[in-house]
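Structure, as structure tokens:
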Amino acid sequence: MSTDRGVGLLEGRVALITGGAAGIGLGIATAMAREGAAVVLAARRIENGEPAAKALRDAGHRALCVRCDVTSRIDLESAVAATIDGFDRLDCFVHNAVGGSATPGPLEEVDDGWLGLLATTVRASFDAAQVAHPHLAAAGGSFLLLTSAAGMEGSANLPVYAMVKASQRALAKSLSREWGPDGIRVNCIAPVARTPAMERAYLANPELEERLVGRTPLRRIGEPTEDVGPVAVFLASNLARFVTGQTVVVDGGGFLGL
Amino acid sequence: MGTRTLLCGVGSLSDDLVARLRARGHLVEAVDPSLLVARTDAANAVDAAAGSLGAVDLVVHVLAGPDGPTPLVDLSTDAWVDSCEDPMVGALHLLQACRSHLGAGSRVVHVVPTSAMGGAPGFAATSTAAEGFRALNKSVARQWGADGITTAVVAVAPELLLGPAASSAGGALTGPALGRTGGADDLAGIVDALASPEAAFTTGSTIVADGGTWMAP
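As given, the protein sequences belong to chains A and B, one line each in that order.
All residue numbers for the first sequence refer to our numbering, where the first residue is -6 and numbers rise by one.
All residue numbers for the second sequence refer to our numbering, where the first residue is 35 and numbers rise by one.
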């Protein structure tokens, strides 16, 4: 784990990141911690999240891990309560976790396995919003949803994934308008970055990486901590204090149709 | 022969749309959206409607919303499911059930409020589902295009689907350029045009039919 330090953009702030044990969630947590935030890694498996939190602590950051299955409202409430217990406030709730089945294929073959995807993305966004709202209002904080360009351009391979990711983006827009008067900002990041899930996809489809890189003007796949994390830092920080209801696409320019 | 249209929707706009399309010569069979949440019920309802029509040239799914606004923090989980998740599940089941009845030249149209794109305070759940509809429509366009099946979204003024309280929810600085927000007859004309072979080279796109309020891409 790098011990890099930022310039304190999030000094004194507290962020909770679902799916924080690995991939983009851990990248965001790490980038936020480097900028001074205390971070809470909400992880479905504590045995995955705790080593990540310990590594952050060993690097001199404030971090803890809480077990949280985002399909459980009680778990989300517990995660927020643990955040308040541990760090006294919640400035930024990042809903990054995604689970369930999004098996590529024809729409006709989508079975009820996709309901897990719906639960971890759409329902969890609803529950997280309700649970986090009073704390974000108290802190003048922000709510950040991870979405996907698939939700904007549709996907021939992952039709229900595109559907849920699009819907999260619309939720962010409506919430930005409902919560603006409360001083809460709501934004989305649509990233393409190297994650364990993507590495598995490369194994299943060896040409995928070449194809993805080929359509990306910057000719590489993003890194969770170095490429996606700083955008989350920006959106959580005072630098973005007048930015709400927006989606920032962090994919090296692969999708330009916003 | 008139356009064979399977229409799924509830509420006055949907009812009026059925009448207006029939007036334009469409053969219309209606499917109750409450039947779409269970996959088997959806398949049975669609098969019955398609059986009456013989084949399906046009599928229209009109997203329904609640009568009035509720801030998200005050929304019950049941209300969230009713206004957001069930419509999304139903949209998937409807298209799955329709697929075997569609062929080259068929068109799938989703009708949603423009709040899918612009958000609407008090109507977050329906607006969330609406954007899900739009993405589903795009994905289906990509999957079924090779078979000659096309899709489109028609986005209408929020108050047409969400009631009068939604009239100011769009947050527009100015009213519609055409001076009114439109109604079922305006919508029927656009839907009818989309069903025409003359329109067959547009797919996966959203046509905003709100009289010129929302003009963003």
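Glycine residues also receive a C-beta, built at the ideal position from the N, C-alpha and C atoms.
Identify each residue in the stretch 104 to 116 of chain A for which the Cβ-Cβ distance to at least one residue of chain B is less than 7 Å, and report them in chain order. Leu111, Val115, Arg116
Enumerated in chain order, which unbroken segments of the beta strand (DSSP E) with a length of 3 residues or greater are wholly contained in the stretch 189 to 222 of chain A? If we require 3 residues or more, the stretch 189 to 222 of chain A turns out to have no beta strand (DSSP E) run fully inside it.
At 7 Å on the CB atoms, spell out the chain A contacts of glutamate 119 of chain B, in chain order. Taking a Cβ-Cβ threshold of 7 Å, the residues of chain A close to glutamate 119 of chain B are Leu111, Val115, Arg116, in chain order.
Which residues of chain A have a Cβ atom closer than 7 Å to the Cβ of arginine 168 of chain B, listed in chain order? Ala159
Against serine 94 of chain A, what residues of chain B qualify as contacts under a CB-to-CB distance less than 7 Å, listed in chain order? Result: empty, since nearest Cβ-Cβ is about 13 Å, beyond 7 Å.
Strictly by DSSP, which residues pair up with serine 230 of chain B? In the DSSP output, where bridge partners are listed per residue, serine 230 of chain B has none listed.
Could you tell me the alpha carbon to alpha carbon distance between methionine -6 of chain A and glutamate 43 of chain A, rounded to whole angstroms? Residue confidence for methionine -6 of chain A is low, a pLDDT of 44 falling below 50, so the modelled location carries little weight; the figure read from the coordinates is stated next. Roughly 14 Å between the two C-alpha positions.
Less than 8 Å separating the beta-carbons of glutamate 171 of chain A and proline 147 of chain B? By the CB criterion at 8 Å, glutamate 171 of chain A and proline 147 of chain B fall outside the cutoff.
Answer yes or no: does any C-beta atom of chain A fall closer than 8 Å to that of proline 155 of chain B? yes
Length at least 3, wholly inside the stretch 91 to 170 of chain A: the beta strand (DSSP E) runs in chain order: 135 to 139
For the alpha helix (DSSP H) that cysteine 132 of chain B lies in, which residues bound it at each end? 120 to 132
Give the list of continuous alpha helix (DSSP H) stretches no shorter than 4 residues that lie fully inside the stretch 128 to 162 of chain B. Fully enclosed alpha helix (DSSP H) runs of 4 or longer: 149 to 152.
Tell whether a beta-carbon distance below 8 Å holds between alanine 190 of chain B and valine 142 of chain B. Before going on, a small fix: residue 190 of chain B reads as valine here, not alanine. Not a contact, by the Cβ cut-off of 8 Å.
Please confirm if serine 135 of chain A has its CB atom under 8 Å from at least one CB of chain B. no
What are the boundary residues of the alpha helix (DSSP H) that includes alanine 44 of chain A? Note that residue 44 of chain A is proline in the sequence shown, not alanine. Element bounds for proline 44 of chain A: 39 to 51.
With a threshold of 8 Å between beta-carbons, can arginine 56 of chain B be considered close to chain A, or not? no
Given that tryptophan 114 of chain B touches chain D, what residues does it touch there, using C-beta distances under 7 Å? Absent from the structure is chain D; the protein chains it does hold are A and B.
In chain A, which residues lie with their C-beta within 8 Å of the C-beta of arginine 133 of chain B? Leu100, Glu101
Does threonine 236 of chain B have its Cβ less than 8 Å from a Cβ in chain A? Look at threonine 236 of chain B: its C-beta is not under 8 Å from any C-beta on chain A.
Can you tell me whether glutamate 28 of chain A is buried or exposed, with buried defined as 16 or more other CB within 10 angstroms of its CB? Looking at its Cβ environment, which holds 16 or more other Cβ atoms inside 10 Å, glutamate 28 of chain A is buried.
Is there a Cβ of chain A sitting closer than 8 Å to that of alanine 53 of chain B, yes or no? no
Alanine 189 of chain B - DSSP class collapsed to helix/strand/coil: strand
Please list, in chain order, all residues of the same chain as glutamate 63 of chain B whose beta carbon is under 7 Å from its beta carbon, the five residues on each side excluded. Leu40, Ala83, Ser86, Leu87
One question on the structure: do aspartate 226 of chain B and arginine 58 of chain B come within less than 8 Å of each other, judged by their Cβ atoms? yes
Between the stretch 93 to 107 of chain A and the stretch 49 to 61 of chain A, do three or more beta carbon pairs fall short of 8 Å? no
Partner residues on chain B for glycine 147 of chain A, Cβ-Cβ distance less than 7 Å: Ala169, Lys172, Ser173, Ala175, Arg176, Gly238
Taking only beta-carbon positions, decide if glycine 247 of chain A is within less than 8 Å of chain B. no
Pick from A/Thr11, A/Leu228, A/Gly18: whose alpha carbon is nearest that of glycine 134 of chain A? A/Leu228
Can you find the residues in the same chain that come closer than 7 Å, C-beta to C-beta, to alanine 222 of chain B, ignoring five residues on each side of it along the sequence? Excluding positions up to five away in sequence, the list reads Leu51, Arg54, Leu55, Arg58.
CB-CB length for proline 217 of chain A against glycine 20 of chain A, believed under 8 Å: 2 Å
Output, in chain order, the set of chain B residues within a Cβ distance shorter than 8 Å of lysine 47 of chain A. Per Cβ cutoff of 8 Å: no residues; lysine 47 of chain A is ~35 Å from chain B at best.
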